[in-house]
Amino acid sequence: MNGTKIISNIVTERLKEHITHEQNGTNIMLVIQKQLIASDLAGNQNRLTMPYSQLQTLDFLTPDECTHLDTRCYHEIDVPLLGPTLKLYEQPMTKLVRWMVNSTESFVLRTGWNDFVLENKNDLKIGSKIQVWSFRKNQQLCFAIAVVERAD
């Protein structure tokens, strides 16, 4: 959807293979590629924003999920999150919500995000470029985060 040059490398290939073969995941889609900023990692924020203007696709949601996440209703969807070390985080379950963030409509991963960042602090740093992928596991929406360019 946007003009960002998408990075494809051994990290993304390994991630897709892991989703397919180890997680039995289907319907793998790149949702967003973004550079991590301070607010993505700030403990007092506890969230990762994915602005609509930066999304690669909206097709990762079913029509029912889209309706459920209608911004006027403030609903959320529980989503397991596969980390950069290929560990699946299911407890506490991360929540996907649709919010207005600084007057920009965004999808947001929240609840448990701080714990996820803490456990992956060697990979998730300000300035790192990440990709967020969606996939389905037994029809459940899941997300995976790959660090495709390190900030080091």
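Numbering of the sequence shown is given in UniProt numbering, commencing with residue 1 and proceeding in unit increments.
Note that beta-carbon positions come from the ideal geometry of N, C-alpha and C, so glycine has one too.
Counterpart residues of residue i in DSSP-defined beta bridges
i, result
"cysteine 142", "Phe135"
"arginine 98", "Phe107"
Residue i versus residue j: straight-line alpha-carbon distance, rounded
i, j, result
"serine 8", "asparagine 44", "32 Å"
"valine 78", "isoleucine 126", "Per the sequence presented here, residue 78 reads as aspartate, with valine not at that position. When rounded, the distance between both Cα atoms is 26 Å."
"serine 39", "tryptophan 113", "12 Å"
"threonine 12", "glycine 83", "12 Å"
"glutamine 23", "lysine 137", "7 Å"
"lysine 5", "lysine 16", "19 Å"
Beta-carbon separation (whole angstroms), residue i vs residue j, contact threshold 8 Å
i, j, result
"valine 108", "isoleucine 130", "Between isoleucine 130 and valine 108 the Cβ distance is about 15 Å, and since that is not below 8 Å, they are no contact."
"asparagine 27", "phenylalanine 135", "6 Å"
"threonine 85", "asparagine 120", "7 Å"
"leucine 124", "leucine 55", "Their Cβ separation, rounded to whole angstroms, is 20 Å, which puts leucine 124 and leucine 55 out of contact at 8 Å."
For residue i, the nearest candidate out of the options (CA to CA)
i, options, result
"asparagine 102", "Thr49, Gln140, Val117 and Val31", "Thr49"
"aspartate 64", "Arg150, Ala144, Gln139 and Leu15", "Gln139"
"glutamine 33", "Gly112, Ile145 and Trp113", "Ile145"
"serine 106", "Thr4, Pro51 and Lys87", "Pro51"
"isoleucine 19", "Thr67, Ala151 and Val132", "Val132"
"serine 53", "Leu118, Met100, Arg110 and Ser128", "Met100"
"residue 169", "Leu36, Leu118, Glu76 and Val31", "Residue 169 lies beyond the range of the chain shown here (1 to 152); nothing can be said about it."
"leucine 61", "Phe143, Glu17 and Lys5", "Phe143"
"aspartate 70", "Gln35, Pro80 and Leu96", "Leu96"
"leucine 141", "Glu90, Asn46, Asn122 and Ser128", "Glu90"
Within-7 Å CB hit, residue i to chain B
i, result
"phenylalanine 143", "Chain labels in this structure do not include chain B; a single protein chain is all it has."
Entirely enclosed alpha helix (DSSP H) segments - the segment 50-75, minimum 4 residues: 63-68
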